[in-house]
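Take 7 as the starting number for the sequence shown in the numbering used here and just add one per residue. No residue lacks a Cβ here, since even glycine has one placed at the ideal position from N, Cα and C. It should be emphasised that the depicted structure is a prediction, and the values quoted were computed from it without experimental measurement. Take a look at the structure set out below.
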Amino acid sequence: MVIHSLDFSIYLAYADFGAEPLLVTEADGKPLRTRNVTEMKQRLAGVPLPALFLRHQSAYDEMVGQPLRTGDNSLEVPLARDWGDFPEGQ
């Protein structure tokens, strides 16, 4: 599961099962959207997930005067589901 950070204030969840990530939606079909990572993790608490990641793509590459981006600039970091998920000593 990937939590995608949009502009550091909107978070969407995507289930990534290989070919193409699928947007996670509410029962009414609207995207599951939160304002922070903690809230998203709480909303996903009952979902059995093998791994959870936070992904952010920087918009700074698109600023005026910058060369065109040649590759993906995504930053993806693993997230702990809760405090008990951190290895001993970290």
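Starting from the Cα of Lys36, find the closest Cα among Val43, Leu28 and Val8 and give me that residue.
Leu28
Pair within 8 angstroms by beta-carbon distance, Leu58 and Arg39: no
Margin query: Can you find the residues in the same chain that come closer than 7 angstroms, C-beta to C-beta, to Gln63, ignoring five residues on each side of it along the sequence?
Written below: Asn79 and Ser80
Self-check item: Bridge-paired residues (DSSP) for Phe14
Solution: DSSP, once it has assigned bridges, lists no residue as partnering Phe14.
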